[in-house]
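Residue numbering for the sequence shown follows this note's numbering, beginning at 14 and increasing consecutively.
A short worksheet on the structure shown next.
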Amino acid sequence: MLPLRNLDVSESRTYLLKRNIPDNQHEAFLNFTHGHPLALSLAADLFAQHSDVQMQLEKAPDIIKTLLEQLAQEVPTPHHRTALEACALVRVTTEGLLTEMLAVSDAHDLFEWLRGLSFLDTVQHGLFPHDLARDALIADLRWRNPDWYAELHRRARAYYMKRLEQSESREQRRVLLDYIYLHRDNPVVRPYFEWQENGTVFTDRMRAEEETAVLSMIANHEGATSARIAQLWLTLQPKAVTVFRDSTDKIQGVLVTLALEKSSSADRKVDPAISAAWHYLQSTAPLRAGERATYFRFWLAAETYQDVSPVQSRIFLNMVQHYLTTPGLAFTFIPCADPDFWADIFAYADLSFLPEANFETDGHQFGVYGHDWRAVPPISWLNLMAEREVTTTSPKNSPQSPEPLIILSQSNFAKAIRNALRDFHDTTALTQNPLLHSQLVVKQAGGQKDTDVLVHTLQSLIQETAASLQQTPRQAKFFRALHHTYFQPAPTQEKAAEVLDLPFSTYRRHLRSGIQYITERLWEMELNAVK
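Rendered as structure tokens:
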């Protein structure tokens, strides 16, 4: 006896019509069943009894139970069932990943058993279950044991993070795809990605002879003015262009990633998008020395533009890779032709809508989203994404973004240092110092939010930096001026000069040098903290 194959879309619709399922319900049935004959039959039976039922697996436990009973005929032990559940959660399963997720020393036999199942397929990088089997297993696990579901996610995530740190470029993108796939079951994320076990699109550099084709692609979707602007940037930043090819090597999409810190005032005036973004940065969060800002100026698929597609999904993957691997990244901007469409997924990804950065070209209006990576750096962002990964709520109810860090200009940073020295023994005043929420202090405090811990961390940073002045005789006098003014202060600065047996003008000069030293060292640490 041969297993009955899944029905295609046409066959499924014919069957649903014969079962008197209304046309407007067909799409939901197809998404629900993936054309599986038994699932179609069970869903039609359920609809006949309850025509108001929602066609979602998690809303139909009886269907899940029946489907899993069919699958479970091939599952001999609870260990094998656990291996099957782990396989259902990830994009593709390898023996190494299975070993990590099951916390066993050797998963070879379990992997070989999975390999022989009729509802699993083999691809270049591992195994994956058929869609319906995957959906049924996940829906059952989330309902039956949500804690174990979350733990499997955590273990898979830890495995991918380790691989990310060890990988380069193309391999890194593949691991990121696996990492992002963990968000597939979140109802916010799922509609915005084409989830494919077999990649049909790959990333590449544009060849010189392909520039005309890329510009034509931009002109087709955004107009001649946009194409001219793109040509300018391709000349100024030729390495900014990434193309996305299909298996025939044909370009199916493009991403132009601009480094704003490398742009000149004259260049920015030519492009309304970059001009608006630069003005936004200058007025709200100026770049500091060594910091970078990225504008994903053009991102589109040749056929579907900015709609959900395999190309768009791959483009987003490249953006995430950029977030995680660009040293000194301070800010990123993403323009959208339909900003309302992307609102939910971008809120999920902690990207803020920036109406001040919106712009228009050739009659096309663009809304712009952005993220300040100094305020919520990559590690904090990944932790937030991990919290949201296993939630089933709307963006409004999902875990909230961490309290953003305060981004200080160099002059404001110096002022805050002076105030911290002045208030060194006044912990109440120090709680109001903006340095408490700087990248430097928060990172040094290990991410703790307790105000007392942050105050103590700031005091320690200042005092330890000052103490390093004692390493050379020439600078030790600067430390002594700081010590008798702030750390063990004399009643007045005049008294401090007397204690040091210095003319007041000399004392003041030493004090200024000490303050300057602390400010410069801590500013350098602040900039390095975001890298």
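For glycine and all other residues, C-beta sits at the position ideal for the given N, C-alpha and C.
Annotated as proximal: Asp436 and Ala442, with beta-carbon spacing under 8 Å. Of the residues assessed, Val324 falls on the buried side of the cut-off, its CB having 16 or more other CB atoms within 10 angstroms. Looking at the DSSP output, Gln378 sits in a beta bridge with Glu373. When the beta-carbon positions are compared, Ala343 and Asp385 come within less than 8 Å of each other.
Under the DSSP assignment, Pro502 falls outside any alpha helix (DSSP H); it carries neither an H nor an E label. If you draw a straight line from the Cα of Tyr530 to the Cα of Lys275, it is about 30 Å long. In this structure, Ala290 lies away from Ala388, with their beta-carbon atoms at least 8 Å apart. The three-state secondary structure of Val188, taken from DSSP, is helix. According to the DSSP assignment, Phe517 belongs to no beta strand (DSSP E) but to the alpha helix (DSSP H) extending over 517-542. Non-local beta-carbon contacts of Thr444 in its own chain, meaning distances under 7 Å to residues more than five positions away in sequence, involve Thr464, Val468 in chain order.
With the rule of 3 Cβ pairs closer than 8 Å, the segment 352-360 does not count as touching the segment 226-242. When Glu113, Lys263, Glu207, Leu145 are compared, the shortest CA-CA separation from Phe329 is found for Glu207. The alpha-carbon of Asp119 is positioned some 9 Å away from that of Leu111.
The C-beta distance from Glu539 to Ser451 rounds to 6 Å, short enough to fall under 8 Å. For Leu115, the enclosing alpha helix (DSSP H) starts and ends at 108-115. Residue burial annotation: Leu30 is exposed, with fewer than 16 other C-beta atoms found within 10 angstroms of its C-beta. Look at Thr135 here: in three-state DSSP terms it is strand. Counting of Cβ neighbours within 10 angstroms places Thr440 among the exposed residues, the total staying below 16.
Under the DSSP assignment, Val227 falls in the alpha helix (DSSP H) whose first and last residues are 224-235. An exposed status is given to Gln179, since fewer than 16 other beta-carbon atoms sit within 10 Å of its beta-carbon. A direct Cα-to-Cα measurement between Phe379 and Ala232 gives close to 15 Å.
Here Val267 is bridged, per DSSP, to Val256, Leu313. Residue environment: Val214 is assigned as buried (16 or more neighbouring CB atoms within 10 Å of its CB, all protein chains considered).
Here Ser365 carries a strand assignment [DSSP, helix/strand/coil]. For Thr307 against Thr255, the beta-carbon gap comes to about 12 Å, at or over 8 Å, which does not count as contact. Collapsing the DSSP output to three states places Phe344 in a strand. Burial is judged here by how many other beta carbons sit within 10 angstroms of a residue's own beta carbon; Phe517 has fewer than 16 and is exposed.
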